[in-house]
Amino acid sequence: MGAFSGDGTGCLARVLKKYGAIILGGLQIRMPDAVCDSKLLKKSLEENRRIIHEADRKIEKATNTIKQTGKYPREGLSFPAHLAGLFGQRLWFYNKTTGYSKKLKISDDCIGCGLCASICPMGNLRIQNGKAVNLEKCTMCYRCISSCPQKAITLLGKEVIEQCRYEKYV
């Protein structure tokens with residue numbers, strides 16, 4: 001969340017290996033932060049567009065390198081990258097989301113449309129009596145907060161500053 005991937009490339013590679021995948025390479029791509037209810041973590045629309053543009057260029061460069069040389073990038077697949085993600089992010093945030101689960105707030109602006117409940121990967125939200133209800137299983141993915149048409153859901157801040165959707169930046 002924020003500064004770096006937290007060993008996302010390595011974590012995915014290890015999971016895929018368990019299912020028999022042969023990992024040829026890895027690429028770490030910086031993307032705009034999904035936290036949309038904290039001014040501290042917000043970047044301007046132009047800065048986020050620049051981040052997406054750089055990501056596209058990095059993917060194109062990696063693709064061209066693979067086509068021309070047959071060599072795959074190995075970003076995030078090394079043991080030092082694993083340790084950096086482990087100590088720099090995963091252990092630090094381990095069980096932190098459980099403390100934030102209770103802090104997910106749904107304001108009276110909620111119209112009970114059910115979008116948040118339908119897109120939550122954890123099944124954390126349910127519509128009850130015409131309003132979304134927090135079931136306290138939030139993992140801070142921010143999907144519901146970035147998608148709520150009423151901006152009625154917050155977690156870290158008191159209001160939604162900008163809903164972070166990839167489509168806005170391309």
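Residues in the sequence shown are numbered consecutively from 1, following the UniProt record's numbering.
Virtual Cβ for every residue (Gly too), placed ideally from N, Cα, C.
Apart from the five residues just before and just after residue i, which ones in its own chain have a Cβ nearer than 8 Å to its Cβ?
i, result
"Gly8", "Gln28, Gly76, Gly85"
"Gly157", "Asp37, Ser38, Lys39"
"Ile51", "Arg30, Met31, Pro32, Lys43, Tyr169"
"Ile59", "Leu27, Ile29"
What residue does the beta strand (DSSP E) around residue i start on, and which one ends it?
i, result
"Leu125", "125-128"
In the DSSP assignment, the alpha helix (DSSP H) including residue i goes from what residue to what residue?
i, result
"Ala132", "Counting along the chain, Ala132 falls outside any alpha helix (DSSP H), though it belongs to the beta strand (DSSP E) covering 131-134."
"Ser146", "143-147"
"Asp56", "45-69"
"Ser78", "Run containing Ser78: none; DSSP gives neither H nor E here."
"Ser118", "115-119"
Please go through the same chain and pick out, in chain order, the residues whose beta-carbon is closer than 7 Å to the beta-carbon of residue i, but skip the five residues on each side of it.
i, result
"Gly26", "Thr9, Ala13, Pro73, Arg74, Glu75, Gly76, Leu77"
"Glu167", "none"
"Cys144", "Cys116, Ile119, Cys120, Leu125, Ile153"
"Gly130", "Gly112"
Tell me which residues share the same chain as residue i and place their Cβ nearer than 6 Å to its Cβ, disregarding the 5 neighbours each side in the sequence.
i, result
"Glu136", "Ser101, Lys102"
"Cys138", "Ser101, Leu104, Asn124"
Shortest alpha-carbon distance to residue i belongs to which of the options?
i, options, result
"Ala132", "Cys11, Phe87, Ile111, Asp33", "Ile111"
"Gln89", "Asp37, Lys168, Cys11, Tyr169", "Cys11"
"Lys96", "Ile22, Met140, Asn64", "Met140"
Looking at the structure shown, is residue i part of a helix, part of a strand, or coil, going by DSSP?
i, result
"Arg165", "coil"
"Met1", "Any reading at Met1 is ruled out, since the residue's pLDDT is 48, under 50, leaving its predicted position unreliable."
"Thr139", "coil"
"Gly99", "helix"
"Gly20", "coil"
"Leu41", "helix"
"Gly10", "helix"
"Arg90", "helix"
"Gly26", "strand"
Of all Cβ atoms in chain D, is any one closer than 8 Å to the Cβ of residue i?
i, result
"Glu46", "Reference to chain D is not applicable here, since this structure consists of a single protein chain."
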